[in-house]
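These notes are about the structure you will find just below.
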Amino acid sequence: MVTVPPANYVAVRGWGDPNTTDGTYQRALAVLYALAYTLKTSPRRGRAIPGFFDYVVPPLEGFWWQEGVDGADYGRKADFHWISVLRLPAFVTEADFAWAAEDAARRKKLDCSAAELLAVEEGLCVQMLHTGPFETEPETVNVMDAFLAENGYVNDLTDRRLHHEIYLSDARKITPDRWRTILRHPIRKISP
Numbered sequence: 467m468v469t470v471p472p473a474n475y476v477a478v479r480g481w482g483d484p485n486t487t488d489g490t491y492q493r494a495l496a497v498l499y500a501l502a503y504t505l506k507t508s509p510r511r512g513r514a515i516p517g518f519f520d521y522v523v524p525p526l527e528g529f530w531w532q533e534g535v536d537g538a539d540y541g542r543k544a545d546f547h548w549i550s551v552l553r554l555p556a557f558v559t560e561a562d563f564a565w566a567a568e569d570a571a572r573r574k575k576l577d578c579s580a581a582e583l584l585a586v587e588e589g590l591c592v593q594m595l596h597t598g599p600f601e602t603e604p605e606t607v608n609v610m611d612a613f614l615a616e617n618g619y620v621n622d623l624t625d626r627r628l629h630h631e632i633y634l635s636d637a638r639k640i641t642p643d644r645w646r647t648i649l650r651h652p653i654r655k656i657s658p
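With the first letter of the sequence shown counted as 1, position 59 gets the number 525 in the working numbering; the numbers rise by one all the way through.
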């Protein structure tokens, strides 16, 4: 169990099968990385951001859900809704974000209009490292759920508190059996 502090992200929302070649999800990733690296390299681009420090762009993350489905139905990937995100340092303001979106759109010739600066406060959560393909995530979620039940907690998944994944592996470079993903669920204590 962890208490996750508030964090800011560059985010793009969408829906559909994330594996579709040149689909909405793949295009969203291009926008996320373009903005994240534009902000990271802002001093070289003439943008002085107060409080700036050099940092590593963190791993890709995603919030996932399917309407009317408890958990996930991997046979219906086209029904996935997602918010793909990359965490940003706290010094990034709305003005800095707007500058980065404009700069990245111009330089990369990308439509960055769907990107947003998203603040998320997850609070109390349970998380666990999942190793293997995404389709086997329910096995890890079952372990998380059993842990919660043993300790007097339940999932608190809502339309604002979502299933969260943090991708520690580059799925393009290693086989699915070696993928490493942190799974995180918001939780709450069961009332006595």
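The C-beta atom is built at its ideal place from N, Cα and C for all residues, glycine as well.
Label residue i either buried or exposed according to how many other C-beta atoms from any shown protein chain fall within 10 Å of its C-beta, with 16 as the threshold for buried.
{"i": "residue 579", "result": "exposed"}
{"i": "residue 640", "result": "exposed"}
{"i": "residue 556", "result": "exposed"}
{"i": "residue 505", "result": "buried"}
{"i": "residue 551", "result": "buried"}
{"i": "residue 612", "result": "exposed"}
{"i": "residue 529", "result": "buried"}
{"i": "residue 627", "result": "buried"}
{"i": "residue 467", "result": "exposed"}
{"i": "residue 563", "result": "buried"}
{"i": "residue 567", "result": "buried"}
{"i": "residue 631", "result": "buried"}
{"i": "residue 486", "result": "exposed"}
{"i": "residue 592", "result": "buried"}
{"i": "residue 624", "result": "exposed"}
Just list the residues that DSSP pairs residue i with in beta bridges.
{"i": "residue 639", "result": "DSSP lists no partner for residue 639."}
{"i": "residue 585", "result": "474"}
From this set, the options, which residue's C-alpha is nearest residue i's C-alpha?
{"i": "residue 598", "options": "653, 634, 611", "result": "634"}
{"i": "residue 655", "options": "595, 530, 615, 509", "result": "615"}
{"i": "residue 546", "options": "576, 533, 619, 554", "result": "533"}
{"i": "residue 618", "options": "653, 628, 596", "result": "653"}
{"i": "residue 500", "options": "544, 582, 657, 606", "result": "582"}
{"i": "residue 574", "options": "490, 540, 502", "result": "502"}
{"i": "residue 643", "options": "604, 610, 630, 600", "result": "600"}
{"i": "residue 603", "options": "624, 591, 590, 629", "result": "629"}
{"i": "residue 522", "options": "636, 516, 514, 507", "result": "507"}
{"i": "residue 584", "options": "497, 516, 560", "result": "560"}
Under three-state DSSP, which class holds residue i?
{"i": "residue 498", "result": "helix"}
{"i": "residue 478", "result": "strand"}
{"i": "residue 603", "result": "helix"}
{"i": "residue 617", "result": "coil"}
{"i": "residue 657", "result": "coil"}
{"i": "residue 521", "result": "coil"}
{"i": "residue 546", "result": "strand"}
{"i": "residue 652", "result": "strand"}
{"i": "residue 467", "result": "coil"}
So, using beta-carbon positions, are residue i and residue j closer together than 8 Å?
{"i": "residue 470", "j": "residue 588", "result": "yes"}
{"i": "residue 473", "j": "residue 553", "result": "yes"}
{"i": "residue 548", "j": "residue 484", "result": "yes"}
{"i": "residue 596", "j": "residue 526", "result": "no"}
{"i": "residue 608", "j": "residue 651", "result": "no"}
{"i": "residue 480", "j": "residue 544", "result": "no"}
{"i": "residue 577", "j": "residue 511", "result": "no"}
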